[in-house]
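Encoded as structure tokens, the structure appears first; notes follow it.
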Amino acid sequence: MGYRRRGQREFSPPSDRWSLQESKRYTDSEYKAPNFDPSRRFSLSRRRRHSYYDNGYYSHHQQDTHPPRCGFQQQYVAYGAKYSHGNRPKTYDHDGLRSRNSKVTPETSTWRSLGLSSVLPTYNRRPVVSSDTNCNAPGFRHRSSQNESDRVALLNIKLLIKDGPLGMLSSWNNTVHHCDWQGITCSMRHRDRVTVLDLQSQKLEGTLSPYIGNLTFLRRISLTINNLRGEIPEEIGRLFRLQYLFLNNNSFNGEVARNLTYCSDLRAIDLTDNNLSGNIFYELSSFSKLKFMFLGKNNFTGNIPSALGNLSSLTALSLTENDLDGRIPDDLCRIQSLEFFQLSQNNFTGNIPSCLFNNSNIYMFSVTGNYLEGNLPQNIGITLPNLKEIYLGGNRFSGPIPVSLSNATRLETIALTFNFFTGSVPMDLGRLQGLRRLLFFANQIGTKTGDDLNFITSLNNCSNLEQLSFQSNVLRGPLPDSISNLSTKIRLLSLGTNQIYGTIPIGIGNLVNTQIMDLGFNYLTGNIPATIGKLNQLRELYLARNSLSGEIPSSIGNNLTQLLKISLGTNNLSGSIPPSFENCQNLQQLTLHNNNLVGTIPKQLFSLSSLTLGLFLNQNFLSGFLPSEVGNLTSVVTLRISDNKLSGHIPESLGNCLNLKFLYMNGNHFEGKIPNSINSLRGLELLDLSRNNLSGEIPEYLGLFPLLILNLSFNQFEGQVPRDGVFGNLSGISVVGNRNLCGGIVELELPPCIQQKKKTSISIKVIIPVIIGSLLLLLVLLCIFLMYYRRKVLKSKPSSTTLSNQTYMRVSFAELLKATNGFSPGNLIGVGSYGSVFKGILEEIDQIVAVKVLNLQREGASNSFLTECNALRNLRHRNLVKIITSCSTTDFQGNDFKALVFEFMPNGSLEEWLHSEVDEQQLEFIRLTFIQRLNVAIDVASALDYLHHHCQPQIVHCDLKPSNVLLDDDMIARVADFGIAKIFSATFCDSAQSQPNSAAIRGSIGYVAPDELDGQRTNLFFGRETLFILRVGNKGKWAEIVKTHFGRTYVDMTFVRLPHEPSLLTTWTYERSNS
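Laid out in structure tokens, this is it:
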């Protein structure tokens, strides 16, 4: 037992029982003796005082009974001192090797007699304390000259360390005896010899001097939580009396000296959180008295030496956050005293030795973040009865969760995250009344029977439960009302990304201490209960990707003032945005996108200067102006207000949002010019202003921004397109749909800009001839231009069988073979009339693509490839599938090979969404809403309008069907497959209205108008079946109508003329043409 000395931290060795609390005391090197009153120390007799220090420690408060001695003639040289008394060696040698400026002498046998196999090296330095030291200096305490070696060593240690702001080393000077220095404790039995060096948490900088090896009576070294760097001196191995070595939380590097094993009395070693490297050497197994070994948060490599199993006294082992690999050795099972076992964040593989689960003393078991696998023993709760915490996350464990865990009644934490556990959650977990954390997210837990959430009821007995997380599993069933009876201490409730349906219980407001609630990505319906406003400690609320309806409760904004994140996107919420959100002054992210919100954006919303991550209001029905208060969001990074009905001018105050990186304002009715204040947003990486009514010239300063994406398409911009910055990257800019633009890079294919000359004052006699001559010249040029244009149109059919090499990247057969994993069946995503489509990744652009490989054995496949190349080479529209490149070459066998590479559409085809065969229970979850169906129809109509009226030459698709309508990430429809498209010249289009053209009658069986098959005329613009099925969602009903009307058994379609104005979409009729 150790006791506190005034001015010193008290010291006692750690107890045999290890705990996290004791670990903290152990790390901080603070030990307190119970029931000891320091004030009594000086009232005790001298003899009584001696009884307090029977452990050999000296207190500098004890009076010095030895007479002062001064004027001693000894000269001490650091680390290699000359002595005039005793058998002290004159020089030292380390490990039998002669050190620099040293020589081996017979006296070295003195240190071997102390049980050491080596001695210290000599360093010839100028002495710090010598014969001319002023012994009469005020405060200097005279001590026997034979023990001044520790003083010399300490002063030389100080030379390499920069003192911290607390000035602890300021007392280390020649005016104060070294036993009175801060951080120093001396022994009483061996006068003036330092036994404790405690400099923890002093913000010291520098390196640890090898002179520390001269403090041969040291029992404890504590230098924790400083900024010491360099290698750990191997001279520490000289300290054979050392029992406790605490160097954690520094920046030491290099390898741990092997001669550290000479410290045979070592009880605890903590080197956590440094930059140490190398292998964990097997010699550590020689520490027979070692109880605590902490080597975590370093860069150790290699395997765990099996010899560590010889540490029979070891109580705590931590090797966390290193680069160790291999298997966990079975030899560790021999350490029956082990209680604290931590091997997390390494690269261990294989199974955990089953014998480790038989050590009944273990209370903390952590192997998180490795590559371990296998099942957990079903009797784990019986063989580890003292288990308090078990961390197995981030591995490859599988199988059911052991029911016997409920037998380990002391369990407080069960963390099995990021594994492959399956089955149901044991109902008996409710017996663990001390349970605080139950973390099972990112597994495959669930039976999909509809009662997977019944275990929540059993957890009502866990009155200390603080964290409950089952996110990203396959739990299916309604959210039980018993969730309202969970512990009021719960801070984390995460059940997102499952298959939970039903409504949110009103009693959810009982969980008043909840800080994070995640119920997103489920199938919840009904209203958001107003009682959620009782959770006044809530910081993050995630309810996105459900089917919640009704208005957003105002209680969220009125009461939840500590909210940091709100995510309510992709629901069916209606009404307006509550102005009460202005009370959430800590809000960093507000996500309300993809709902049915109406009204104006409340100005109060822009008073949230704390918004940094983003404001997401896109895909709603918000109207009115964008308030000028938007400039108050000076810290926001992302602003998405796209796809609403906002109008007016873009406010100048938007330029105050200096941290903006992503700005989406597309799909609104904004008008006017781009304000000059946008020039202040020099951090913009994405700017989307497409599909508005903006006008004026494109500002040249946009070319100075670090923009990766700039979309200005479908506006009324005019003038010259800049060339600098993003304007020089065809893949990063879009300006289509602006008829009055000119210039720009060649790939934009815009007309050149005409330079206008300034007007000058010229007499009428000069002006009239100039005008007449100019008109004649203009007439001649016009004739020449018309002749040239007519010849160009006649020759517009491309002769190349591939896309233009000036516009599209080159790709080889080998690259496509590698991208699709050898065109493996696992990458096959579709089969068509003329070929197959594979999913792949092009390394050159690091993008997921769809590769359409033509089956050249089929008749017409080559013509289909040529037709599709000719059709797609000049098409650019947001509702057409983007082609990346093409490939026409030979394979490795010399056979012809033709392929087209398209942008990958992750949401598949419209056919899959309309005609997927699912049971009635799942139908409601995959059904397209009316708004989505209408958007698809508008997208397809926009694509056809572009093909028929806005591209040269005009193109008729000829094979439009749901399987050729693909859906991207945002459920935007893209028309694909132009393999049998018809390209019309202007002359042909003019004559097509007055005479039939059988060459234009193309399409898949079941998708060509029946009256065309009968030889009647129909304008081929849009499929009746597609519109009908988009409306009723049933392919069979359409087949029944067709059979009744035409007396045929196949499903077909007729076409109607589209109006030129997309706004008339709602007035379309689906009547059969009788002309």
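If you're matching positions, the sequence shown starts at 1 in the UniProt record's numbering and goes up one per residue. Ideal Cβ placement from N, Cα and C applies to all residues, glycine included.
Let me check one thing: in DSSP terms, what residues is glycine 509 bridge-paired to? Answer by DSSP bridge pairing: none, since glycine 509 is not bridged.
Between which two residues does the alpha helix (DSSP H) harbouring valine 152 extend? 149–159
Counting pairs of Cβ atoms below 8 Å between the region 552–559 and the region 573–583, do you hit three or more? yes
Meets three-Cβ-pair contact criterion under 8 Å: the region 168–178 and the region 211–228: no
Ordered along the chain, which non-local residues of its own chain (more than five positions away) have a Cβ less than 7 Å from that of tyrosine 834? Sequence-distant partners of tyrosine 834 (beyond 5 residues in either direction) whose C-beta falls short of 7 Å from its own C-beta, in its chain, are Leu854, Asn855, Arg858, Gly860, Ala861, Ser864 and Gly979.
Going by C-alpha distance, which of Glu389, Leu372 and Ser360 is nearest leucine 379? For clarity, residue 379 is asparagine in the given sequence; the question names leucine instead. The shortest Cα separation from asparagine 379 among Glu389, Leu372 and Ser360 belongs to Ser360.
Exposed or buried, which one is arginine 112 when buried takes at least 16 other CB atoms within 10 Å? Residue confidence is low: arginine 112 scores 32 on pLDDT, short of 50, so the model does not pin down where it sits. Its coordinate-derived value is still stated next. Burial call: exposed.
Taking 8 Å as the threshold (C-beta atoms), are asparagine 419 and arginine 396 in contact? yes
According to DSSP, is tyrosine 808 part of a helix, a strand, or is it coil? coil
Where glutamate 389 sits in the DSSP three-state scheme: strand
Let me check understanding here. Comparing Cα to Cα, which of His649, Gly667, Asn693 and Arg691 lies closest to isoleucine 678? His649
Name the residue from Ile884, Leu967 and Gln588 whose alpha carbon lies nearest to the alpha carbon of leucine 914. Leu967
By the three-class DSSP mapping on this structure, what secondary structure does asparagine 461 have? helix
Is DSSP giving glycine 278 helix, strand or coil here? strand
How is the alpha helix (DSSP H) around serine 864 delimited, first residue to last? 861–872
Quick check on valine 918: buried or exposed, where buried means 16 or more other Cβ atoms within 10 Å of its Cβ? Interpretation of valine 918 is limited by its pLDDT of 49, a score under 50 that renders its predicted location unreliable; the figure taken from the coordinates is listed afterwards. With fewer than 16 other Cβ atoms within 10 Å, it is exposed.
Pair within 8 Å by beta-carbon distance, asparagine 298 and asparagine 322: yes
If you check the beta carbons only, do valine 746 and arginine 876 fall under 8 Å apart? no
Please name the residue, chosen from His669, Asn666 and Ser609, that lies closest to asparagine 656 on a Cα-to-Cα basis. Ser609
Serine 623 to methionine 665 span [Cα, whole Å]: When rounded, the distance between both Cα atoms is 13 Å.
Put serine 117 into one of helix, strand or coil per three-state DSSP. Because serine 117 sits at a pLDDT of 32, beneath the cut-off of 50, its placement in the model cannot be relied upon, and the point is left open.
C-alpha distance - glycine 520 paired with serine 695, whole-angstrom precision: 41 Å
Please state whether DSSP places proline 138 in a helix, a strand or coil. Interpretation of proline 138 is limited by its pLDDT of 42, a score under 50 that renders its predicted location unreliable; the figure taken from the coordinates is listed afterwards. Coil at proline 138, not helix or strand.
Keeping to the same chain, check which residues put their C-beta closer than 8 Å to that of isoleucine 972; ignore five residues upstream and five downstream. Counting only Cβ-Cβ distances below 8 Å, and skipping sequence neighbours, we find Arg878, Asn879, Asn935 and Asp939.
For a minimum of 4 consecutive residues, which ranges assigned as the alpha helix (DSSP H) are wholly contained in the region 883–916? 910–915
Under a Cβ-count criterion, where at least 16 other Cβ atoms within 10 Å of its own Cβ denotes burial, should serine 312 be classed as buried or exposed? Looking at its Cβ environment, which holds fewer than 16 other Cβ atoms inside 10 Å, serine 312 is exposed.
Hey, how far is the Cα of cysteine 958 from the Cα of threonine 422? Each residue's alpha carbon lies about 50 Å from the other.
Who are tyrosine 542's beta bridge partners in DSSP? Asp518 and Ser567
Between Gly683, Lys661, Leu702 and Arg691, which lies nearest to proline 675 when the distance is taken from Cα to Cα? Leu702
At what residues does the beta strand (DSSP E) containing tyrosine 664 begin and finish? 662–664
In this structure, does DSSP put serine 623 in helix, strand or coil? Three-state DSSP puts serine 623 in a strand.
Counting Cβ pairs closer than 8 Å, one from the region 714–733 and one from the region 681–698, do we hit at least three? Yes: at least three Cβ pairs fall under 8 Å.
8 Å Cβ cutoff met for leucine 573 and serine 547: no
When you compare the CB positions of phenylalanine 262 and phenylalanine 246, do they come within less than 8 Å of one another, or not? According to the sequence displayed, residue 262 carries tyrosine and not phenylalanine. Contact flag unset, no.
Between which two residues does the alpha helix (DSSP H) containing glycine 557 stretch? 554–559
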